[in-house]
Amino acid sequence: MEAPITQLPEHIRNAFHAPDEEPQRLGAWWDYGWKVGSVVFAQAPSPNRAVWSARVREKLEVEHLRISRPIRSTDSRFINAGWRATTFIEGEPAARADEVVAAALRLDAALAHVALSDALRDVDASDPFSVADHAAWSRDPAAAVMALFGQGAGERGFEATQRRTRRSMAMRMVDQLAPRLVELDAEVQVCHADMLATTVFQGAQVPGVCDIVGVARPYGYSAALAAFDSMVMQASGEAIVQRFAHVEHFAQMVARAAIYRLVLHGIHPEANSNSSSKLEQTCTSLIRGGLPQ
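Residue numbers (this note's numbering): 683 to 975.
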């Protein structure tokens, strides 16, 4: 996602009692928000998801994890005019993939006690992340993806050409991954759909989690998705799948995570074609060495 150009409005600062300090721009792990004192302000493209995350993080306790807490506005709301506020936690993302995956397992253990809402179970046709997730976890992902990628096939122009190229690569990879999938006999729970991108490290402190992106999947999916993302970012190789093979269905969930990222790459309006090669290389490596036949 590109950094939004909007400045931090003064009335938003006042609504959340921000101190009178100069705002400092933050990175992607804070949604390119603004740090004012110990408060981070960020726009909330999906208010419902932001409110859900805030409610979960407000009281969530996870062993050996620092959780960024939401801050309520003067009228006790989590969202004010499309903005949210959270407590700042020190740290930055780091190439410590195994630690992120292990932290994701601890997070999933805690999230198992969070009530699973219908909003997480149901597909939201207006949300590409939700659409991609449900396609990846459908009974026939290849057919679901083909149907999605067929939309807008006749469009012309540079962007349409770029999109078709991304979708062609993604479809090839899905066709190779799909035959290796099996139906999982596992209960779904609340998981985190972007663990790697929201986990920060600071010296010897335990990892910190800046946000939680809710999704309804089996225990361990937060970790499986983080493992795949770490491979794409070249923070690990396919051997990470074997290192966490003790987690039930781990390899299968990594395969579903791969399809999820492929579908998102094909349908998200802000997808970057420059990342196609990394996704393709990661999926190819995974198919050759990280997944059972």
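All C-beta atoms, glycine included, are put in the ideal place defined by N, C-alpha and C. Values in this document were obtained by computation on a predicted structure and should not be read as measured data.
Top-ranked residue by Cα proximity to residue i, from the options
{"i": "G919", "options": "E692, V722 and L968", "result": "L968"}
{"i": "V923", "options": "A825, A917 and F910", "result": "F910"}
{"i": "E704", "options": "A886, W712 and V721", "result": "V721"}
{"i": "F723", "options": "F760, G709, A767 and L708", "result": "A767"}
{"i": "A829", "options": "A852, F840 and E841", "result": "A852"}
{"i": "T847", "options": "F831, A875 and A860", "result": "F831"}
{"i": "A776", "options": "D867, C873 and V882", "result": "V882"}
{"i": "A886", "options": "E774, H693, P701 and A868", "result": "E774"}
{"i": "E841", "options": "P701, L973, E952 and W711", "result": "E952"}
{"i": "Q871", "options": "L973, T964, L787 and L690", "result": "L787"}
{"i": "T769", "options": "S755, V864 and A779", "result": "S755"}
{"i": "A824", "options": "E962, D857 and V805", "result": "D857"}
{"i": "C965", "options": "A933, V733, D893 and R778", "result": "A933"}
{"i": "A792", "options": "A710, R759, E745 and L798", "result": "E745"}
{"i": "A860", "options": "V733, R707 and D822", "result": "D822"}
C-beta contact flag for residue i and residue j at 8 Å
{"i": "V914", "j": "A817", "result": "no"}
{"i": "P900", "j": "M877", "result": "no"}
{"i": "D790", "j": "S904", "result": "yes"}
{"i": "I771", "j": "R803", "result": "no"}
{"i": "V782", "j": "A927", "result": "no"}
{"i": "E740", "j": "P752", "result": "yes"}
{"i": "G971", "j": "H931", "result": "no"}
{"i": "L973", "j": "R862", "result": "yes"}
Supposed contact pair residue j and residue i - C-beta distance, whole angstroms, cut 8 Å
{"i": "V738", "j": "V796", "result": "6 Å"}
{"i": "A875", "j": "V895", "result": "4 Å"}
{"i": "I761", "j": "P727", "result": "The pair is not a contact, with the Cβ atoms about 11 Å apart (cut-off 8 Å)."}
{"i": "C873", "j": "V897", "result": "5 Å"}
{"i": "A779", "j": "S912", "result": "4 Å"}
{"i": "A794", "j": "I949", "result": "30 Å between Cβ atoms; not a contact."}
{"i": "W716", "j": "T880", "result": "Rounded, the Cβ-Cβ distance is 17 Å, inconsistent with contact."}
{"i": "Q884", "j": "S955", "result": "That belief does not hold up - the Cβ atoms of Q884 and S955 are roughly 34 Å apart, past 8 Å."}
Kindly provide the ranges of any beta strand (DSSP E) runs that are 3 or more residues long and lie completely inside the stretch 700-758, ordered along the chain.
-> 716-718 and 721-725
Is there contact here, the stretch 800-810 with the stretch 930-944, by at least three beta-carbon pairs under 8 Å?
-> no
Taking only runs that begin and end inside the stretch 901-927, name each unbroken alpha helix (DSSP H) of 4 or more residues, in chain order.
-> 903-914 and 921-925
How about the stretch 690-703 and the stretch 755-772: do they share at least three Cβ pairs that are nearer than 8 Å?
-> yes
Ordered list of beta strand (DSSP E) runs contained in the stretch 765-849, each at least 3 residues | 765-769
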